[in-house]
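A.B. asks: Protein chains in written order, with our numbering: chain A, 8 to 226; chain B, -19 to 294.
The beta-carbon is built from N, C-alpha and C at its ideal position, and this holds for glycine as well.
Below you will find the structure I want to go over with you.
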Ligand code: HEM
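Now the structure itself:
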């Protein structure tokens, strides 16, 4: 009633407004989609993050193609078999790119400067991906699935997980493979990439911000 | 070294000189490259798809192994019968991590009674010839001791028969066991057992626990797997049939099974899972683990990655 107009504007919008203000504050558009990067970001190792995202997109897209005709399709159709091969090889590429990305970020100590959460979400992405790939192998409905599930049950049973997470239950594994783990991995990857954008690319170890004069002097 | 003060002193990346960089263009190019690479690899190498082993195929290819396994299920001496939780409550069964027995703590949540589920119920549910009805009646009328003497004697005799061939077993006091095992073999060879173990009274079914456990109790499946370099001591879990890369990222998990003390431990699975849980947590927490988080500084690989930057600083 007697609030100054400015403070009413700042607080307006209820929950929605509060969330919008938080989002814009933490990730303003120029931070979310910047068109420049720090000059020190100059190495082929940086490509592996974006290659990992790309491979994940291909993994999900080919998985969706398999889903169109259902889990039995690729055993009886040569088109299906090719789509399955696409899915398999995009996973192999995805894991390959991710592991190089992981080691790159390790040797860059890329968790410095409030980036620990970026590392941790990345590491959980890796673990979730291993689980997703594993459940994929279990739902192939071929000899590999039979054998891998028979072997893997012992490890899971030995620590009590197998009582709930039954690798011999095709239906349960298919649900984990195509619903739960992709959702978790998608969400975590989104968070991971947003965290990278929020903090910016980590500066080189022991780098100091060049003073404007020093930069000019060097040029 | 003062890692903490260094951490807080880390400069903001926004404070550094910049250069133009098109993230979305980079992503689009990467996506096209990865899609093409995938299409090429898939066209060149395809993917493995060896047919699963059915109970019908197993019993036809290796009737001796099938019969020996069925007798072990009936006499409760098979791997599954002795497994313990989550399948049954075999006293003493269940792996431990030191004093911690998580396997037993989880309890019997997927109950499997091998004699009833794998042999007796399928026989009762199938059309029963008179001698099978009589054999089933004789079996259930006998004491557990008597049942086990029969199965033990028949298992022994099967082991001595040429190729374990049930048709060449020496005569002896096996009670109704040969009739039961023989009928189960006929059912399996006709393909009926595959459906029965799966359906268990339901129409829709997605749970293959019982047929896979039964299959895995025999030696036939393991023999095929061994021929495909898939056994545990051949780094089995991470491989797949044919020459495919498989789950190469499981190398560390599989590695522990190849060495002592795990290789020879009866608690290998539990111990390796515990170890991998600790190592996984370690990976997640690398930024906070003294020593490990300083490895990048010591190895100086970063000097190579940012060589342009460091060259510019000199
Ligand atoms: C689903 C898997 C993953 C995807 C899609 C992904 C994607 C990305 C992308 C696009 C970047 C920014 C560009 C770059 O620096 O390469 C990035 C940065 C980063 N990633 Fe990942 N990543 C994944 C897994 C991991 C893993 C397993 C780790 C380590 C355990 C990790 C740690 C990091 C760190 C610390 C950064 C920040 C780098 C910096 O500030 O310079 N990521 N990630």
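1. Report the neighbours of residue 239 of chain B on chain A: residues whose CB is nearer than 9 Å to its CB, in chain order.
2. Work out the CA separation of residue 94 of chain B and residue 210 of chain B for me, nearest whole Å.
3. Does any heavy atom of the ligand HEM sit closer than 8 Å to the C-beta of residue 256 of chain B?
4. Given this structure, state the Cα-to-Cα distance separating residue 231 of chain B from residue 150 of chain A, to the nearest angstrom.
5. Taking the straight line between their C-alpha atoms, what separation do you get for residue 22 of chain A and residue 29 of chain A?
6. Any C-beta of chain B within less than 8 Å: which residues of the region 183 to 206 of chain A qualify?
7. Along the chain, where does the alpha helix (DSSP H) containing residue 176 of chain B start, and where does it finish?
8. Is residue 262 of chain B close to the ligand MN? I mean its beta-carbon at under 8 Å from any heavy atom of the ligand.
9. Just confirm the distance between the C-beta atoms of residue 165 of chain A and residue 215 of chain B, as a whole number of angstroms; I'd bet it's less than 8 Å.
10. Do residue 81 of chain A and residue 30 of chain B come within 9 Å of each other at the CB atom, strictly closer than that value?
11. Is it a yes or a no for the region 21 to 28 of chain B touching the region 128 to 135 of chain B, going by three-plus beta-carbon pairs under 8 Å?
12. Just verifying my parser: in three-state terms, what is the DSSP assignment at residue 43 of chain A?
13. Counting pairs of Cβ atoms below 8 Å between the region 33 to 47 of chain A and the region 68 to 83 of chain A, do you hit three or more?
14. Examine the ligand HEM and report whether any of its heavy atoms sits within less than 8 Å of the Cβ of residue 53 of chain A.
15. Distance cutoff 9 Å, beta carbons only. Does residue 111 of chain B sit that close to anything in chain D?
16. For my contact list, residue 163 of chain A and residue 157 of chain A are in at a C-beta cut-off of 8 Å; report their separation, rounded to the angstrom.
17. For residue -1 of chain B, which residues does DSSP report across the bridge?
18. Flag residue 120 of chain B as yes if its beta-carbon sits less than 9 Å from any beta-carbon of chain A, otherwise no.
19. Any beta-carbon of chain A closer than 9 Å to the one on residue 207 of chain B?
20. Residue 33 of chain A and residue 101 of chain A look like a contact to me (Cβ under 8 Å); what is the Cβ gap, rounded to whole Å?
21. If contact is defined by three or more beta carbon pairs under 8 Å, each pair taking one atom from either stretch, is the region 122 to 129 of chain A in contact with the region 199 to 208 of chain A?
22. Mark residue 297 of chain B as exposed unless 16 or more other C-beta atoms lie within 10 angstroms of its C-beta, in which case mark it buried.
23. Would you list, in sequence order, the uninterrupted alpha helix (DSSP H) runs of no fewer than 4 residues that lie entirely inside the region 39 to 113 of chain B?
24. In angstroms, rounded to a whole number, what distance separates the CA positions of residue 202 of chain B and residue 190 of chain B?
25. Relative to the ligand HEM, is the shortest distance from any of its heavy atoms to the C-beta of residue 68 of chain A smaller than 8 Å?
26. Please list the terminal residues of the continuous alpha helix (DSSP H) segment that includes residue 164 of chain A.
27. Whose C-beta lies closer than 6 Å to the C-beta of residue -19 of chain B among residues of the same chain, with five residues either side of it excluded?
28. In chain B, which residues lie with their C-beta within 7 Å of the C-beta of residue 167 of chain A?
29. Going by alpha carbons, who is nearest to residue 80 of chain B out of B:285, B:266 and B:250?
30. Determine the closest residue to residue 213 of chain A out of A:115, A:133 and A:104, with distance taken between C-alpha atoms.
31. Would you verify that the beta carbon of residue 208 of chain A is, or is not, closer than 9 Å to some beta carbon of chain B?
32. Could you name the residues of the same chain whose beta carbon sits closer than 6 Å to that of residue 141 of chain B, not counting the 5 residues immediately before and after it, in chain order?
33. Per DSSP, residue 176 of chain A is paired with what?
34. Please confirm if the region 89 to 108 of chain A is in contact with the region 33 to 45 of chain B, defined as three or more CB-CB distances below 8 Å between the two stretches.
35. Just to check, is the beta-carbon of residue 229 of chain B closer than 8 Å to a non-hydrogen atom of the ligand HEM?
C.D. replies: On the basis of the supplied data:
1. Looking up residue 239 of chain B in the second chain gives position 259. What residue 239 of chain B touches in chain A: nothing, since even the nearest Cβ is about 16 Å away.
2. The residue you call residue 210 of chain B lines up with position 230 of the second chain. The residue you call residue 94 of chain B lines up with position 114 of the second chain. Rounded to whole angstroms, residue 210 of chain B to residue 94 of chain B spans 26 Å at the Cα level.
3. Against the second chain, residue 256 of chain B aligns to sequence position 276. It does not: the Cβ of residue 256 of chain B is nowhere closer than 8 Å to a heavy atom of the ligand HEM.
4. Within the second chain, residue 231 of chain B is the residue found at index 251, counting from 1. Within the first chain, residue 150 of chain A is the residue found at index 143, counting from 1. Cα to Cα, the separation comes out at about 21 Å.
5. As a working note, residue 22 of chain A is residue 15 in the first chain. As a working note, residue 29 of chain A is residue 22 in the first chain. About 10 Å.
6. 206
7. Along the second chain, read from residue 1 onward, the residue named residue 176 of chain B stands at position 196. Start and end: 172 to 179.
8. Absence of the ligand MN is noted for the structure shown, with the ligand HEM being the only ligands found.
9. If you number the first chain from 1, residue 165 of chain A lands on position 158. If you number the second chain from 1, residue 215 of chain B lands on position 235. Their Cβ separation, rounded to whole angstroms, is 19 Å, which puts residue 165 of chain A and residue 215 of chain B out of contact at 8 Å.
10. Along the second chain, one-based indexing puts residue 30 of chain B at 50. Along the first chain, one-based indexing puts residue 81 of chain A at 74. Result no, Cβ atoms of residue 30 of chain B and residue 81 of chain A do not sit closer than 9 Å.
11. no
12. As a first step, residue 43 of chain A is located in the first chain; it is residue number 36 there, counting from the start. Note: residue 43 of chain A maps to strand in three-state DSSP.
13. No: fewer than three Cβ pairs fall under 8 Å.
14. Within the first chain, the letter at position 46 stands for residue 53 of chain A. Yes.
15. Among the protein chains in the structure shown, which are A and B, there is no chain D.
16. Within the first chain, numbered from 1, the residue matching residue 163 of chain A stands at position 156. Within the first chain, numbered from 1, the residue matching residue 157 of chain A stands at position 150. Between residue 157 of chain A and residue 163 of chain A the Cβ distance is about 12 Å, and since that is not below 8 Å, they are no contact.
17. The residue you call residue -1 of chain B lines up with position 19 of the second chain. Its beta-bridge partners are A:44.
18. Residue 120 of chain B sits at position 140 when you count from the first residue of the second chain. False, the Cβ-Cβ gap to chain A never drops below 9 Å.
19. For the purposes of this step, residue 207 of chain B is taken as the residue at position 227 of the second chain. Not an interface residue.
20. Position 26 of the first chain, counted from the first residue, corresponds to residue 33 of chain A. Position 94 of the first chain, counted from the first residue, corresponds to residue 101 of chain A. That belief does not hold up - the Cβ atoms of residue 33 of chain A and residue 101 of chain A are roughly 28 Å apart, past 8 Å.
21. The answer is yes - the region 122 to 129 of chain A touches the region 199 to 208 of chain A, with three or more Cβ pairs under 8 Å.
22. Outside the shown range of chain B (-19 to 294) lies residue 297 of chain B, about which nothing can therefore be said.
23. Listed in chain order, the complete alpha helix (DSSP H) runs (minimum 4 residues) inside the region 39 to 113 of chain B are 43 to 54, 82 to 86 and 101 to 105.
24. In the second chain, counting from the first residue as 1, residue 202 of chain B sits at position 222. In the second chain, counting from the first residue as 1, residue 190 of chain B sits at position 210. Cα to Cα, the separation comes out at about 17 Å.
25. Taking the first residue of the first chain as position 1, residue 68 of chain A is located at position 61. Flag unset: Cβ of residue 68 of chain A not near the ligand HEM.
26. In the first chain, residue 164 of chain A corresponds to position 157, counting from 1. 150 to 165 is the extent of the alpha helix (DSSP H) around residue 164 of chain A.
27. Within the second chain, residue -19 of chain B is the residue found at index 1, counting from 1. For residue -19 of chain B, the predicted model reports a pLDDT of 42, less than 50, meaning its position is unreliable; a value from the coordinates is still stated below. None.
28. Working through the first chain from its first residue, we reach residue 167 of chain A at position 160. Those within 7 Å of residue 167 of chain A in chain B are 82, 83, 85 and 86.
29. Working through the second chain from its first residue, we reach residue 80 of chain B at position 100. Answer by Cα proximity: B:250.
30. On the first chain, position 206 is the one that residue 213 of chain A refers to. Cα-wise, what sits closest to residue 213 of chain A is A:115.
31. Numbered from 1 along the first chain, position 201 holds the residue referred to as residue 208 of chain A. Under the Cβ criterion of 9 Å, residue 208 of chain A is counted among the residues facing chain B.
32. As a position in the second chain, residue 141 of chain B is number 161, starting the count at 1. Around residue 141 of chain B: 148 and 149.
33. Mapped onto the first chain, residue 176 of chain A falls at position 169. The partner list for residue 176 of chain A (beta bridge, DSSP) reads B:187.
34. Three or more beta-carbon pairs separated by less than 8 Å are not found between the region 89 to 108 of chain A and the region 33 to 45 of chain B, which leaves the two stretches without contact.
35. Locating residue 229 of chain B in the second chain gives position 249, counting from the first residue. Because no heavy atom of the ligand HEM lies under 8 Å away, the Cβ of residue 229 of chain B does not count as near it: no.
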